Amino acid sequence: GAVVSQHPSRVICKSGTSVKIECRSLDFQATTMFWYRQFPKQSLMLMATSNEGSKATYEQGVEKDKFLINHASLTLSTLTVTSAHPEDSSFYICSAPTGLGSYEQYFGPGTRLTVT
Amino acid sequence: QKEVEQDPGPLSVPEGAIVSLNCTYSNSAFQYFMWYRQYSRKGPELLMYTYSSGNKEDGRFTAQVDKSSKYISLFIRDSQPSDSATYLCAMSEAAGNKLTFGGGTRVLVKP
Chain F
329 GAVVSQHPSR VICKSGTSVK IECRSLDFQA TTMFWYRQFP KQSLMLMATS
379 NEGSKATYEQ GVEKDKFLIN HASLTLSTLT VTSAHPEDSS FYICSAPTGL
429 GSYEQYFGPG TRLTVT
Chain U
10 QKEVEQDPGP LSVPEGAIVS LNCTYSNSAF QYFMWYRQYS RKGPELLMYT
60 YSSGNKEDGR FTAQVDKSSK YISLFIRDSQ PSDSATYLCA MSEAAGNKLT
110 FGGGTRVLVK P
């Protein structure tokens, strides 16, 4: 299957700082990427849809000023958690469909964020 | 009521048994259906994907979709301890669109 990478895999930061998470499609181009959040023993919750060259679309209840998304190229989307607080601690995962009209979506390995 | 319902389990089976998983959904606009396997602290791994109603087989995995009943299933034959994981169903209205997930079923295959 297609490969999606994320960096970093794990990050610990202090409350009030900002953290950037990268999501890359390694062997295909992705005009769209999705960002999810997952709490322990729960399913994935969609946060936003990242669109290459345009603004991201956020799900209801997700603060766009807190979770900044930039999709600057066809292989890279970034999620920046601004002014992080302990309640932002979670597992963040990105996914991407493999092409126009494709319904296969592949996920990155996830980034575990801990805010102290 | 959630858009996609999935029994959380845990579902415990002996090695070699058939694992039967299913999801029900309420949105009749869903056309694309996927099953993912997720190990603890890892990203979901795509197992099967199907379009509309019908069956699809790939190795030990069989996926079934019954759109008239809004019901999808995944069967795992000859289960192995390495199949122990959480299985997530996911679906979307259009190709490449956002996925709506079930809550996941935790499966334990005992040697």
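Listed in order, the protein sequences are those of chains F and U.
The opening residue of the first sequence carries number 329 in our numbering; numbering runs sequentially from there.
The opening residue of the second sequence carries number 10 in our numbering; numbering runs sequentially from there.
Even glycine gets a Cβ: it sits at the ideal position worked out from N, Cα and C.
Being a predicted model, the structure only gives us computed values, none of them experimental.
In the DSSP output, what is residue i paired with across the bridge?
i: residue 384 of chain F; result: According to DSSP, residue 384 of chain F bridges with nothing at all.
i: residue 86 of chain U; result: Beta-bridge pairing links residue 86 of chain U to no other residue.
i: residue 92 of chain U; result: Paired residues: none, contrary to the question.
i: residue 334 of chain F; result: F/351
i: residue 110 of chain U; result: U/99
i: residue 425 of chain F; result: F/433
i: residue 63 of chain U; result: U/74
i: residue 14 of chain U; result: U/33
i: residue 419 of chain F; result: F/366, F/440
Could you tell me whether any Cβ in chain F is nearer than 8 Å to the Cβ of residue i?
i: residue 101 of chain U; result: yes
i: residue 52 of chain U; result: yes
i: residue 80 of chain U; result: no
i: residue 39 of chain U; result: no
i: residue 104 of chain U; result: yes
i: residue 48 of chain U; result: no
i: residue 34 of chain U; result: no
Taking the straight line between their C-alpha atoms, what separation do you get for residue i and residue j?
i: residue 441 of chain F; j: residue 398 of chain F; result: 19 Å
i: residue 394 of chain F; j: residue 408 of chain F; result: 8 Å
i: residue 112 of chain U; j: residue 443 of chain F; result: 26 Å
i: residue 91 of chain U; j: residue 118 of chain U; result: 8 Å
i: residue 424 of chain F; j: residue 87 of chain U; result: 31 Å
i: residue 52 of chain U; j: residue 336 of chain F; result: 13 Å
i: residue 375 of chain F; j: residue 67 of chain U; result: 31 Å
i: residue 48 of chain U; j: residue 120 of chain U; result: 18 Å
i: residue 414 of chain F; j: residue 359 of chain F; result: 32 Å
i: residue 103 of chain U; j: residue 39 of chain U; result: 7 Å
i: residue 75 of chain U; j: residue 410 of chain F; result: 43 Å
i: residue 343 of chain F; j: residue 388 of chain F; result: 25 Å
i: residue 37 of chain U; j: residue 13 of chain U; result: 11 Å
i: residue 345 of chain F; j: residue 416 of chain F; result: 12 Å
i: residue 427 of chain F; j: residue 377 of chain F; result: 15 Å
i: residue 96 of chain U; j: residue 33 of chain U; result: 14 Å
At least one CB of chain U closer than 8 Å to the CB of residue i: is that the case?
i: residue 425 of chain F; result: yes
i: residue 421 of chain F; result: yes
i: residue 431 of chain F; result: yes
i: residue 362 of chain F; result: yes
Does the separation of the CB atoms of residue i and residue j fall below 8 Å?
i: residue 380 of chain F; j: residue 396 of chain F; result: no
i: residue 412 of chain F; j: residue 341 of chain F; result: yes
i: residue 57 of chain U; j: residue 100 of chain U; result: no
i: residue 405 of chain F; j: residue 361 of chain F; result: yes
i: residue 81 of chain U; j: residue 70 of chain U; result: no
i: residue 20 of chain U; j: residue 116 of chain U; result: yes
i: residue 108 of chain U; j: residue 433 of chain F; result: yes
i: residue 437 of chain F; j: residue 357 of chain F; result: no
i: residue 439 of chain F; j: residue 365 of chain F; result: no
Chain-ordered residues of the region 398 to 409 of chain F with a beta carbon less than 8 Å from chain U: none
May I ask you to list, following chain order, the residues of the region 66 to 95 of chain U that have a beta carbon less than 8 Å from some beta carbon of chain F? none
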